[in-house]
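Using my numbering, you'd call the opening residue of the sequence shown number 4 and step up by one each time.
To start, the structure under review is shown below, and the notes come after it.
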Amino acid sequence: MLTITTRNNTPARRAYNAGFPFMDDFFRPFAEMAAPALRTGVRETENAYILDAELPGFEQKDIELNVKGGMLTVDAEHKTEEGGENEARYAFSERSFHRSFSLEGVEEKGITAEYKNGVLSVTLPKVHPAEPETRKIEIQ
């Protein structure tokens, strides 16, 4: 059950288990650790759709685009390591994103992509329906 509650005059928040209020507090750290979604936007031109995805801090080699079964998949994985063999402190962090998009109405072979200033721009050319064929039928 989803309810909105207030406690001690603090702003409203969602309580997923109204009958067991401790559950909301118990699971909150896990929800806050979840990775944010890949922010995307789609705009349309006369001949194509342009998909923009924000990937700040990633390098071009960290990003992979795949087309399979009418779906475009964007995968990005970034790993950083700090420290060395002789240093006492060692830090390691990893970020990854995965998102898929339907390619209905898109000419898959003409898809192009560019990565610049932390933004991945994928150009998805539209499929233009072929002109109806006119043929002459002889009358017998």
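Even for Gly, the Cβ is constructed at its ideal location relative to N, Cα and C.
- prompt: Under three-state DSSP, which class holds G113?
  reply: Residue state, collapsed to three classes: helix.
- request: Would you please state the rounded distance, in angstroms, between the beta carbons of T43 and A56? I believe it to be under 8 Å.
  value: Indeed, because the Cβ distance is near 5 Å, the residues count as touching under 8 Å.
query: Near S105, what residues of its chain come up, given a Cβ to Cβ distance below 7 Å and the 5 sequence neighbours on each side ignored?
result: G73 and M74.
message: Let's test the definition: count the other Cβ atoms within 10 Å of the Cβ of V125 and tell me whether it reaches 16, buried, or not, exposed.
response: It is buried - the Cβ of V125 has at least 16 other Cβ atoms within 10 Å.
- prompt: Grouping DSSP H, G and I as helix and E and B as strand, with all else coil, what is K129?
  reply: If DSSP states are grouped into helix, strand and coil, K129 belongs with the strands.
field: Contacting residues, own chain, Cβ-Cβ under 6 Å from I140 (five flanking each side not counted)
entry: Hits under 6 Å: none found.
query: Which residue comes first and which comes last in the beta strand (DSSP E) that contains K71?
result: From DSSP, the beta strand (DSSP E) with K71 extends over I66 to K71.
task: Compute the Euclidean distance between the alpha carbons of V122 and F61, then round it to the nearest angstrom.
output: Answer to the nearest angstrom: the Cα atoms are 9 Å apart.
- prompt: I think V130 touches E110, with their Cβ atoms under 8 Å apart; what is that distance to the nearest whole Å?
  reply: About 5 Å separates the Cβ atoms of V130 and E110, confirming a contact at the 8 Å cut-off.
query: The beta strand (DSSP E) spanning E57 covers which residue range?
result: In the DSSP annotation of this structure, the continuous segment of the beta strand (DSSP E) that includes E57 starts and ends at A51 to E57.
message: Between K82 and E97, how many whole angstroms is the CB-CB distance? I'm expecting something under 8 Å.
response: 5 Å between Cβ atoms; contact.
task: Out of E134, A133, P132 and I114, point me to the one whose CA is closest to K71's CA.
output: With distances taken between Cα atoms, K71 lies closest to I114.
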